[in-house]
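**Student:**
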Amino acid sequence: MKKSRVSKTAQVNLMMLSDLGIEEAVHFQDVLGFSRGVLNVFSFLPVSSQLPMCISLISEILYQRTNELIMDLGNPVILDLACGYSPRALKVCDDQHAYVGVDLPDVITNLKEHRAELVGDQALDDYYSVDLTKREELVRLTEALKAPTTVITQGLLTYLTLEQKQVLMENIRSLLEKDGGCWIIPDTAPNRLLPDVLSAVLGEGAVSVFKQMMKILDSTVKRDRSANGWQTTDEICEALEKKGFRVERVPLYTETMNLAGPCRLSPEQAQKVISNWKETESLVVYVK
Ligand SMILES: C[S@@+](CC[C@H](N)C(=O)[O-])C[C@H]1O[C@@H](n2cnc3c(N)ncnc32)[C@H](O)[C@@H]1O
0 MKKSRVSKTA
10 QVNLMMLSDL
20 GIEEAVHFQD
30 VLGFSRGVLN
40 VFSFLPVSSQ
50 LPMCISLISE
60 ILYQRTNELI
70 MDLGNPVILD
80 LACGYSPRAL
90 KVCDDQHAYV
100 GVDLPDVITN
110 LKEHRAELVG
120 DQALDDYYSV
130 DLTKREELVR
140 LTEALKAPTT
150 VITQGLLTYL
160 TLEQKQVLME
170 NIRSLLEKDG
180 GCWIIPDTAP
190 NRLLPDVLSA
200 VLGEGAVSVF
210 KQMMKILDST
220 VKRDRSANGW
230 QTTDEICEAL
240 EKKGFRVERV
250 PLYTETMNLA
260 GPCRLSPEQA
270 QKVISNWKET
280 ESLVVYVK
């Protein structure tokens with residue numbers, strides 16, 4: 000996928016959290032002022048008016064669950080790989096946790112330009128421009144880290160080829176071997192999350208329309224979604240274990256999260272969405 004298009008998905012993620020009234024996301028969106036025009040990319044879909052609500056449910060569960068895991072795991076450094084415009088620094092930085100955000104140059108330049116307004120004097124280590132597909136770039140950054148680290152990749156793996164994922168796994172393994180810590184992968188079934196929500200909120204008809212439209216879009220932009228491998232949780236676990244990691248499967252949904260999205264649905268829709276999430280797993284990954 001073109002890099003410019005990928006960073007648009009980071010803007011959408013922020014807008015979705017902001018639409019739900021999540022305080023730190025509202026603040027980031029106020030400062031960064033992204034245009035809702037990016038959402039027009041979906042306007043050709045018959046379900047387009049309902050799509051933002053459905054996407055926001057996914058943005059929120061991944062964001063909140065990752066934050067919950069970060070706090071439970073308690074490592075002092077949070078390394079958010081492909082951080083996009085996530086407002087997570089405001090949520091997890093305190094005198095026990097420092098946040099390091101990493102993304103491609105256009106995203107990082109934008110964050111750094113607004114850094115003072117975005118995060119003030121929070122215990123932010125910094126934002127760094129790193130192309131995660133280049134072996135040396137992440138190594139240079141992680142050599143400077145000196146404490147047990149929680150690495151996060153949210154919304155990244157599907158964009159990487161199998162070869163690029165191998166490089167990323169090797170780099171993360173070296174960091175965890177050096178300093179200790181773990182790696183959170185909250186989204187292990189990216190191809191299921193949206194269809195599951197569409198089916199629960201809008202019904203099976205919407206899923207099939209969405210799938211047909213995506214097929215047309217993929218063939219127009221000549222994208223092969225299966226080319227990057229790792230489509231299911233089991234496939235991800237197998238690849239990680241082969242690479243010398245120990246994988247702990249944890250539920251994506253927990254009762255302890257205070258989610259805004261499901262409250263905007265009917266009780267029946269919310270119950271269906273949550274019951275799908277209860278069957279979905281996130282991963283906490285350690286070196287063996
Ligand atoms: C779907 S967004 C997710 C953003 C963020 N994690 C979130 O949850 O809001 C994907 C992000 O991956 C970043 N990205 C894609 N390829 C990358 C690469 N090779 N190196 C670093 N970041 C990359 C994009 O710039 C974008 O911000």
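Each residue of the sequence shown is one higher than the one before, counting from 0 in numbering that gives the first Met the number 0.
No residue lacks a Cβ here, since even glycine has one placed at the ideal position from N, Cα and C.
Would you kindly report the start and end of the unbroken alpha helix (DSSP H) that includes S198?
**Tutor:** Against the sequence shown, residue 198 aligns to sequence position 199. Residues P189 to L201.
**Student:** Fully enclosed by the stretch 41 to 110, which beta strand (DSSP E) runs are 3 residues long or longer?
**Tutor:** Counting only runs of 3 or more, we get 76 to 80 and 97 to 102.
**Student:** Just mark A9 as buried or exposed, buried being the case when its beta carbon has 16 or more other beta carbons within 10 Å.
**Tutor:** In the sequence shown, the residue the question calls residue 9 occupies position 10. The residue in question, A9, is buried, as its Cβ has 16 or more Cβ neighbours within 10 Å.
**Student:** Near K242, what residues of its chain come up, given a Cβ to Cβ distance below 6 angstroms and the 5 sequence neighbours on each side ignored?
**Tutor:** Looking up residue 242 in the sequence shown gives position 243. Correct list, in chain order: M168.
**Student:** For ligand 1, is there a heavy atom less than 7 angstroms away from the beta-carbon of C82?
**Tutor:** Start at 1 with the first residue of the sequence shown, and residue 82 comes out as number 83. The answer is yes for C82.
**Student:** Within its chain, find whatever has a CB closer than 6 angstroms to the CB of D18; leave out the 5 residues flanking it on each side and keep chain order.
**Tutor:** Walking along the sequence shown from the start, residue 18 turns up at place 19. So the list reads S55, once near-sequence residues are dropped.
**Student:** Going by alpha carbons, who is nearest to I151 out of Y285, L13 and V11?
**Tutor:** What you label residue 151 is simply residue 152 of the sequence shown in a count that begins at 1. Residue Y285 is the option with its Cα nearest to I151.
**Student:** Determine the contact status of Q49 and V196, defining contact as a CB-CB distance below 8 angstroms.
**Tutor:** Start at 1 with the first residue of the sequence shown, and residue 49 comes out as number 50. Start at 1 with the first residue of the sequence shown, and residue 196 comes out as number 197. Not closer than 8 angstroms, so no.
**Student:** Determine whether the beta carbon atoms of I77 and T149 lie at a separation below 8 angstroms.
**Tutor:** Residue mapping note: residue 77 aligns to position 78 of the sequence shown, counting from 1. Residue mapping note: residue 149 aligns to position 150 of the sequence shown, counting from 1. Yes. Within cutoff.
**Student:** Under 7 angstroms: does the beta carbon of A238 sit that close to some heavy atom of ligand 1?
**Tutor:** One-based indexing of the sequence shown puts residue 238 at position 239. Not so, every heavy atom of ligand 1 lies at least 7 angstroms from the Cβ.
**Student:** Helix, strand or coil, according to DSSP, for G180 in the structure here?
**Tutor:** For the purposes of this step, residue 180 is taken as residue 181 along the sequence shown, with counting starting at 1. Note: G180 maps to strand in three-state DSSP.
**Student:** Which residue or residues does DSSP assign as beta-bridge partners of D125?
**Tutor:** Taking the sequence shown and counting its residues from 1, the one referred to as residue 125 is at position 126. Partner(s): V99.
**Student:** Could you check where the alpha helix (DSSP H) with T232 kicks off and where it finishes?
**Tutor:** Here residue 232 corresponds to residue number 233 of the sequence shown, with the count starting at 1. Counting along the chain, the alpha helix (DSSP H) containing T232 begins and ends at T232 to K241.
**Student:** Report the partner residues of E247 according to the DSSP bridge assignment.
**Tutor:** Within the sequence shown, residue 247 is the residue found at index 248, counting from 1. According to DSSP, which records beta bridges pairwise, E247 is partnered with V283.
**Student:** Determine the burial state of T65: buried for a count of at least 16 other Cβ atoms within 10 Å of its Cβ, exposed for fewer.
**Tutor:** Position 66 of the sequence shown holds residue 65. Classification of T65: buried, given that the 10 Å Cβ count is 16 or more.
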